[in-house]
Amino acid sequence: MLKLVDSHVHLDELENVEEVLKECRNVGVIAVVGVSSNYASSSYLINLPTEYYGVKVYVALGVHPWTVTLEKEQPDLTLKLIEAKVDRIIGIGEVGLDFWLKEARKSQDVRDLQVNVFKLFLESARKHGKPVIIHSRGAWEECLTFAEKIGVEKAIFHWFTGPLDVLKRILDHDYFISVTPAVEYSKEHQTAVKNTPLENLLLETDSPVKYAGIPAKPVDVVKSLKGVAKIKGLDVEDVAKVTTKNFEKVFSVKL
Numbered sequence: 020m021l022k023l024v025d026s027h028v029h030l031d032e033l034e035n036v037e038e039v040l041k042e043c044r045n046v047g048v049i050a051v052v053g054v055s056s057n058y059a060s061s062s063y064l065i066n067l068p069t070e071y072y073g074v075k076v077y078v079a080l081g082v083h084p085w086t087v088t089l090e091k092e093q094p095d096l097t098l099k100l101i102e103a104k105v106d107r108i109i110g111i112g113e114v115g116l117d118f119w120l121k122e123a124r125k126s127q128d129v130r131d132l133q134v135n136v137f138k139l140f141l142e143s144a145r146k147h148g149k150p151v152i153i154h155s156r157g158a159w160e161e162c163l164t165f166a167e168k169i170g171v172e173k174a175i176f177h178w179f180t181g182p183l184d185v186l187k188r189i190l191d192h193d194y195f196i197s198v199t200p201a202v203e204y205s206k207e208h209q210t211a212v213k214n215t216p217l218e219n220l221l222l223e224t225d226s227p228v229k230y231a232g233i234p235a236k237p238v239d240v241v242k243s244l245k246g247v248a249k250i251k252g253l254d255v256e257d258v259a260k261v262t263t264k265n266f267e268k269v270f271s272v273k274l
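Counting in my numbering, the sequence shown runs from 20 upward without gaps.
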């Protein structure tokens, strides 16, 4: 059977985590990474078991750019939680910038706040030697530039749909791109996958985000797998093997 990893799941937003992860073994998903978006989700994730039904549950903590304006104390609280639980977490995320967000388009103050919070988490990632999971919609170059300046060693650009010149710089740093089921229809995402070596790709679902109106679950990482295989002209078995190996490399784990 295939051995797959869903490297980006919002476990706190799923209705029944235990049942969802139980399904994973049926399609070969052996591990997931629960990413947080605020302090509440960080607190939830850090208390989850490390395994359900043989599926390993890893955790990444951060503050999503959509939530930075909701409660200004969230970044500090989440950063403190990272410090306290650094041995439990596998990475920092989901963090980043979203300049396509309605509030960010209207307000320089909102964009500045996103930047300030993002930089705090990049510093934390560098300090602890953790990979950072980056949301970069509409701010692809800015996200990369800050990661470069702060000296982040490992980064994953989640659901990348940005320009090829930025992608080239991402790959020059040996950073990674994570692929969602949107690869089935998104031309921008397909272009990114086509121009990224298989050795720099991870698979994910961003569950429970909706694709074609249907909420995703970790089992849908198979769609990401098949999308990559189709674009690369490879067998799904080969893509599964390499992307799982990539996961082990970037997150320094052995599955």
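Backbone N, C-alpha and C fix where the C-beta goes; we use that ideal spot for every residue, glycine too.
Just how far apart, CA to CA, sit residue 275 and residue 254?
Nothing in the structure corresponds to residue 275, since the chain is present only between 20 and 274.
Hey, residue 27 and residue 184: beta-carbon distance below 8 Å or not?
For the purposes of this step, residue 27 is identified with residue 8 of the sequence shown, where counting begins at 1. For the purposes of this step, residue 184 is identified with residue 165 of the sequence shown, where counting begins at 1. No, the Cβ-Cβ distance between residue 27 and residue 184 is not below 8 Å.
Measuring alpha carbon to alpha carbon, tell me which residue in 210, 204, 177 is nearest residue 194.
Position 175 of the sequence shown, counting from 1, holds the residue named residue 194. Considering only alpha carbons, the answer is 177.
From residue 218 to residue 232, what does the alpha carbon distance come to, in whole angstroms?
Your numbering for residue 218 matches position 199 in the sequence shown. Your numbering for residue 232 matches position 213 in the sequence shown. The alpha-carbon atoms of residue 218 and residue 232 are separated by roughly 31 Å.
Checking the sheet assignment: what are the DSSP bridge partners for residue 80?
Position 61 of the sequence shown, counted from the start, is the residue given in the question as residue 80. The partner list for residue 80 (beta bridge, DSSP) reads 111.
Cβ neighbours of residue 202 in the same chain (closer than 8 Å, five flanking residues each side left out):
Taking the sequence shown and counting its residues from 1, the one referred to as residue 202 is at position 183. Once the five neighbours on either side are set aside, the close Cβ partners of residue 202 are 208, 209, 212, 242, 243, 246, 247, 250.
Count the CB pairs spanning the stretch 60-76 and the stretch 34-45 that are closer than 8 Å, and state whether there are at least three.
yes
Between residue 158 and the rest of its own chain, which residues show a CB-CB distance below 7 Å, the 5 nearest in sequence each way excluded?
The residue labelled residue 158 in the question sits at position 139 within the sequence shown. Answer for residue 158: 116, 117, 118, listed in chain order.
Terminal residues of the beta strand (DSSP E) in which residue 25 lies
Taking the first residue of the sequence shown as 1, we reach residue 25 at position 6. Start and end: 23-28.
For residue 236, the three-state DSSP class (helix, strand or coil):
Locating residue 236 in the sequence shown gives position 217, where the first residue counts as 1. Here residue 236 sits in coil by DSSP.
Excluding the 5 residues flanking residue 215 on each side, which residues of the same chain have their C-beta closer than 6 Å to its C-beta?
In the sequence shown, counting from the first residue as 1, residue 215 sits at position 196. Answer for residue 215: 196, listed in chain order.
Same chain, Cβ closer than 8 Å to residue 23, five either side skipped, listed in chain order
Locating residue 23 in the sequence shown gives position 4, counting from the first residue. For residue 23, where only same-chain residues beyond five positions count, the Cβ hits under 8 Å are 46, 47, 48, 49, 222, 240, 241, 244, 259, 262, 263.
Who are the near neighbours of residue 190 in its chain, counting only those whose CB is closer than 8 Å to its CB and skipping five residues on each side?
Taking the first residue of the sequence shown as position 1, residue 190 is located at position 171. Contacts found: 215, 216, 219.
Should residue 265 go down as buried or exposed, given a rule of 16 or more other Cβ atoms within 10 Å for buried?
Along the sequence shown, read from residue 1 onward, the residue named residue 265 stands at position 246. Residue 265 comes out buried.
Where residue 147 falls: helix, strand or coil (DSSP)
In the sequence shown, residue 147 corresponds to position 128, counting from 1. Correct three-state label for residue 147: helix.
Rounded to a whole number of angstroms, what is the C-alpha to C-alpha distance between residue 267 and residue 87?
Residue mapping note: residue 267 aligns to position 248 of the sequence shown, counting from 1. Residue mapping note: residue 87 aligns to position 68 of the sequence shown, counting from 1. Their backbone Cα atoms lie some 30 Å apart in a straight line.
Beta-carbon proximity list for residue 107, same chain, < 7 Å, skipping 5 on both sides
In the sequence shown, residue 107 corresponds to position 88, counting from 1. The answer, listed in chain order, is 65, 78.
Once the 5 residues before and after residue 133 are set aside, which same chain residues still bring their CB inside 6 Å of it?
On the sequence shown, residue 133 is found 114 positions in, with the first residue counted as 1. 84, 87, 116, listed in sequence order.
Residue 99: which of 113, 109, 80, 21 sits nearest, CA to CA?
Reading the sequence shown from its first residue, position 80 is the one you call residue 99. When only C-alpha atoms are compared, the closest one is 80.
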